[in-house]
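Please read the structure below before turning to the comments.
In C-alpha cells:
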C-alpha cells in the first residue's frame, strides 16, 4: 500500500517527519519498505513564463526562448520540444538544479553556439511519467513566476511504501492507516465528512437476485442517471498517481479513490449496456457461480473461460463481471456513458480467493476481499462514492436495491484481564525514555492504549483489573480473543519498551519424549548404512482410497499418499538410472487413507535395500554379488537389536508389491509391526531393477510405544556368568508349514532359564528328506550363573525340548 503523506495529513494530524513516521509504523507491526521523497525530484524547479520563442539559427528542431523565472533578467533557454511557444507557463529547472530521475545537473552551456541557462521540463524529466511528447504546460492562468513548481506538479509529497500482515485488512486503506497513526501518536483523527445515506428509492428498473448468499451476504446496487464522463480534477488524479493507480475518467477514478480511501472495492457499470445485455429494461442483478460452458471478456480484454468456482455478477442471469475481481468489457463505463449502476458489495474472502485463483487473476479489489473488508461501513462508503460521483460527474440518484443476508454480528465483546496482560508481556519500561523505570503495565496504560484503537472498555470489577472490551467494527476480523487484545496493547505501547533480557535463572531445555524416541529410530537406521530420504506427501491420484485435495496447485500433486514404498522404489530406480548404484535408504513420513468410516492418517517407517554392497569387486573378478534375503533381514534385525525390541518374523503373502514366497510380517508381542520382503519379480522386471531388492514398512507409533519402556530407555546391567557353557545340537525333520520362529519360541519356553541361546545352523531339503518336510539343525547353548553345568543338569532340560518339539510340531528326531 502506497501512502501519500499529503493525503494522510488530511485525515490525521501528523507532527512527525517522514522518517519518524516510518519508524513509528514499523514498531507498530507495519513494514515500511521504501520512503519515496518526491520533493527531491524537482528541487530547484520553478514556474517560468515564456516571453519569446524564436527558431534556433543553427538547428531546425531547436527553439531559443526567453523565459521569465522571477529573476532580475529573463533567462535564455534552448528548448527542443515541439509544443513550446510564447506566453505559456512552464516548469523550469534553474542552473544548479539536479534532476535525479534523469540524472542531470543543470549547468550553463552552449547549444549550437547559443547560450542556454536552464531547462524547460517535461513530466518525464521530473519523474511523473516514463515518456513525454513535449514540455509540460501549466493549465492555470496568471501564475506567479519564480514560485516553487512542485506543489503545482504534485511533487511536494512523500510516499511510504507500506506492507502489512495478512490479518490487517484495514491497513489497505488510507482511513485504516490514519486510524493507526492516530492510535500510535495520539493525534486527532479527521475522517471525511459524509452525508447520512438517504432512504433507498425502490423501483422495478433495478432488482436483485442473490443466489449465493454465503458468498455474497450484502449487495447494494444504485442507479445514477445523467452523468457526464470526463477527466477527473487534478487533485484526484495526483492522489491516484501517488498511490500507483492510473487515472481513467471521473467515475472510474472515484471508485478507485474510495477503494484506496476506505479499503472497500466498488464497481461502476454502464447501466444502458447492462440493459442491452439483459435484453429487458427491467434489470435484475444477480450473484452466482459460473457454469463450465460460460465465458466472459474482462476489462483487460482477455477472454476468460469460467470455472465452477468462479463467482459472477449477472444481468438477468448473463455474466457481466467477475465478482470482487474485475469487471466485464461489455458493461464498462466509457466516454458515452450517461447512466450508471454502482455496485457496493461484501463478498466472502474464501469465495473470492478461489474465484481469482481459478482465473489466474489478482487485483486491488480481490486482494482486499481476500483479507476481508469492514461490513459495518459498507453503506457509508457507498454514500461517499455517490457523493463524489454527483459532485464530479453530475447526475441524480435513481433507484436503489439492497440485499442484506448477514448472519454474523458486527459487534464483539471480549473479557480482558490485567493480570493476564502482564503475565504474557512481562516487565516494561515505564515513563519517559530518558527517565524510565521498569515495572508492569497499569490499568490506565491498558485503557489508554485500547481506547486509542477505538475499543470501548467497561470495567467488570471495582479495581478496574478486568474489562469487557467492545471491538471496533473495522477490527472484527483479527481481534477475536483475549490474546489478540494483549497483542494490540504490546504493539501500540511499543515493542521496544519491553525488557529483552533473559531471566537470571531458567530451566534447561530438553527434547520431548516423542522426538527423542524418533531420534533413536533415525540413529539405528543410519547405523546399518541406510540413508534418510524425503518425498512429497502429495502425488497423482491412483486409487479410491486416496484422500484428494479440493483445490490442488497441479493435477500431478492432487492426492495424499497412502504408502511410502512407491516413492522409495521410484527413488531406487532413479538412482540406478543416474549411474549411482543401488540405493539403501529409509524414510519416516505420514500416510493418509479413506474408507467407509472416514479419513485416517498415521506415521510409518519404510526402507529399501538391494544391489551389491561391496565397493571393490577385484576378489570376485569384477562380478557383482547381489544382496541375499538373509543379509537384508540381518540389517533389519540389527536395527531392532539397537532399539532393544524383539521382533518375530512370520510368512506373509498379502502385499502385492512383494514376492509371495519371500515376504514376512513382523510382530511385536502379538501386535503387527509391519512387513519385510523382496520385491515381486514382475515389478522388478518392469522397473529394470537388480535381481534382489528388499523393502520394509513399519508402523512408527507401535515401534515408538515398544521402545518407550523403562527397561529399554534405562537398561539395567546384567553380569556375565564366569562359568563355562555347554552346548547340545538337535536335528529333526519338521513339517514345512511351521516356521523357524515358531520352533525357536517353543524351544526357549521349554528349556527355561538354563538356555543361554539357540541358533539355527543347518537347513536341508532334498534327497533323503521325507516329502513335505525339511531337515533343521539347532545349536542350544546352556549356561548357569552360579555353577558349572553337568550332564545331569543339562540332559533333563534337553530331553524336555525334544518332547516339546515332538508334541507341538510332530517332528522326527535325528539327534
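Residue numbers (the working numbering): -11 to 803.
Cβ coordinates follow ideal geometry from the N, Cα and C atoms, glycine included.
This structure is a prediction, so every number in the text was calculated from the model and none was measured.
Looking at the DSSP output, residue 57 shares a beta bridge with no other residue. A Cβ-Cβ contact shorter than 8 Å links residue 150 with residue 13. Secondary structure at residue 545: helix, using DSSP grouped into helix, strand and coil. Secondary structure of residue 379 (DSSP, three-state): helix.
Excluding five sequence positions before and after residue 3, the CB atoms of its chain that fall closer than 8 Å to its own CB belong to 173, 175, given in chain order. Contact check between the region 281 to 297 and the region 343 to 363: three or more CB pairs, one atom from each, fall below 8 Å, which counts as touching.
Between residue 716 and residue 739, the alpha-carbon positions lie close to 12 Å from each other.
Separation of residue 585 and residue 535 (C-alpha to C-alpha, rounded to the nearest whole angstrom) is 13 Å. DSSP places residue 329 inside the beta strand (DSSP E), whose first and last residues are 328 to 334. If only uninterrupted beta strand (DSSP E) runs of at least 3 residues are considered, those enclosed by the region 636 to 715 are 636 to 639, 646 to 656, 659 to 667, 681 to 687.
Residue 63 and residue 49 have their C-alpha atoms spaced approximately 20 Å apart. Residue range 352 to 359 is occupied by the alpha helix (DSSP H) that includes residue 357. Residue 728 and residue 539 have their C-alpha atoms roughly 51 Å apart.
Beta-bridge partners of residue 24 (DSSP): 147.
When DSSP states are grouped into helix, strand and coil, residue 44 belongs to the coil group. At the C-beta level, residue 85 and residue 32 come within 8 Å of one another.
Looking at 51, 365, 371, 129, the one whose alpha-carbon comes closest to that of residue 398 is 365. From the listed residues 657, 18, 624, the smallest Cα separation to residue 684 is found for 624. DSSP places residue 554 inside the alpha helix (DSSP H), whose first and last residues are 553 to 565. In its chain, beyond the 5 residues on either side, 714, 770 have a beta carbon closer than 6 Å to the beta carbon of residue 777.
Residue environment: residue 322 is assigned as exposed (fewer than 16 neighbouring CB atoms within 10 Å of its CB, all protein chains considered). Within the model, the alpha-carbon separation for residue 82 versus residue 52 is close to 16 Å. The beta carbon of residue 386 sits closer than 6 Å to those of 211, 213, all from its chain and outside the five residues before and after it, given in chain order. Looking at the DSSP output, residue 517 shares a beta bridge with no other residue.
Secondary structure of residue 197 (DSSP, three-state): strand. Taking C-alpha positions only, residue 658 is separated from residue 634 by approximately 11 Å. In the DSSP annotation of this structure, the continuous segment of the alpha helix (DSSP H) that includes residue -7 starts and ends at -7 to -1. For the options 549, 106, 510, 189, the alpha carbon positioned closest to that of residue 631 is the one of 510. Taken atom to atom, the span from the alpha-carbon of residue 312 to that of residue 667 is near 54 Å. Less than 8 Å separates the beta-carbon of residue 246 from that of residue 372. Boundaries of the beta strand (DSSP E) harbouring residue 458: 454 to 458, taken from the DSSP string. According to the DSSP assignment, residue 535 belongs to no alpha helix (DSSP H), since it is labelled neither H nor E. The distance from the Cβ of residue 238 to that of residue 218 is about 6 Å, consistent with a contact at the 8 Å cut-off. Taking the C-beta atoms as reference points, residue 594 is found no nearer than 8 Å to residue 541. Measuring C-alpha to C-alpha distances from residue 733 to each of 444, 199, 796, 234 identifies 796 as the nearest.
With fewer than 16 other beta carbons inside 10 angstroms of its own, residue 514 counts as exposed.
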